[in-house]
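Okay, structure first, notes after.
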Amino acid sequence: MSTTQHNYNLSARSFTRSKNQSGKPNSSNLKMDAKPFCKSKQKQKKAQQVEEFDEEPQPISPKQEVDELIPEEKKEIIISEQKPTEEEKTKKKQSKKEQKREMMKKKVQETQEEDEEIAVETPKEDEWIDAVKKDKKGESKKQRKKKEEEEKKKRKEEEERKRKEEEERIKKEEEEKARKEEEERIKKEEEERIKKEEEERIKREEEERKRQEEEERIKREEEEKARKEEEEEKARKRRRKEGKGRREERNREQISTRTN
1 MSTTQHNYNL
11 SARSFTRSKN
21 QSGKPNSSNL
31 KMDAKPFCKS
41 KQKQKKAQQV
51 EEFDEEPQPI
61 SPKQEVDELI
71 PEEKKEIIIS
81 EQKPTEEEKT
91 KKKQSKKEQK
101 REMMKKKVQE
111 TQEEDEEIAV
121 ETPKEDEWID
131 AVKKDKKGES
141 KKQRKKKEEE
151 EKKKRKEEEE
161 RKRKEEEERI
171 KKEEEEKARK
181 EEEERIKKEE
191 EERIKKEEEE
201 RIKREEEERK
211 RQEEEERIKR
221 EEEEKARKEE
231 EEEKARKRRR
241 KEGKGRREER
251 NREQISTRTN
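Position 218 of the sequence shown, counting from 1, maps to 218 under the UniProt record's numbering, and the rest follow consecutively.
Take a look at the structure:
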């Protein structure tokens, strides 16, 4: 290991020891390191250190260790000491969150004690986080999410109810339509049946009328025939009688003539 690397390691350890408990660099060290730095001064320091080392080895102070570093390395150490690390930032944020959480916890506990005047259990950590995250409306993200889920559930139930009502309405309309169609069909069939029966009745009546007319015609014809036959018989009888009378008259005339 070279002398420069050895001094760099010693300087890093000395700076680590110089930090206070909060993780911040010592202000005195920062102040010491913030002095202007130039190449001529570095050369002088190095020459002095070489002379002292040649004459009598002496312990190197933290300041001398830092001065021995090259400007780039020294600058990196100074910047790293001035700027907090990500770990320090995270710890600081966590510390603030813890303080805020403790304050909220204490405030809620005091309020509950005043209202209820009884000992209450310490709420869970997520409840304190929800209390910290309360917005202007006084609702936490968890409450809002629960509320949104309830509203979503209500909307879904309402949509389901409306859908069922619509299906029920359509079903009733279809049943009513089918019932009316059935009634219309039955009515139509009944009307058709009545119409056919009426036609059959009229047909039967017409046939009956024709039959009666035919019977009447036949009867009249028979009566007319009988009348004619009777008249003819009477005429024959009359002619026979008249012929008989004429014969008798001739016979009498003949007898009378013979007598004379």
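Note that beta-carbon positions come from the ideal geometry of N, C-alpha and C, so glycine has one too.
Within its own chain, no residue has a Cβ closer than 6 Å to the Cβ of K188 once the five positions on either side in sequence are excluded. Annotated three-state conformation of T85 is coil, per DSSP. Taken in chain order, the complete beta strand (DSSP E) segments of 3 or more residues contained in the stretch 160–190 number zero; there are none. Taken atom to atom, the span from the alpha-carbon of E150 to that of E86 is near 41 Å. Within the model, the alpha-carbon separation for K237 versus A226 is close to 16 Å.
Straight-line measurement puts the Cα of K156 at about 39 Å from the Cα of K100. When the five nearest sequence neighbours on each side are left out, no beta carbon in the same chain lies closer than 6 Å to the beta carbon of Q143. Linking R185 to E197 through their CA atoms gives a straight-line distance of about 18 Å. Each residue's CA atom was taken as its position, placing R169 and K154 some 22 Å apart.
Straight through space, the alpha carbons of I218 and R201 are spaced by roughly 25 Å.
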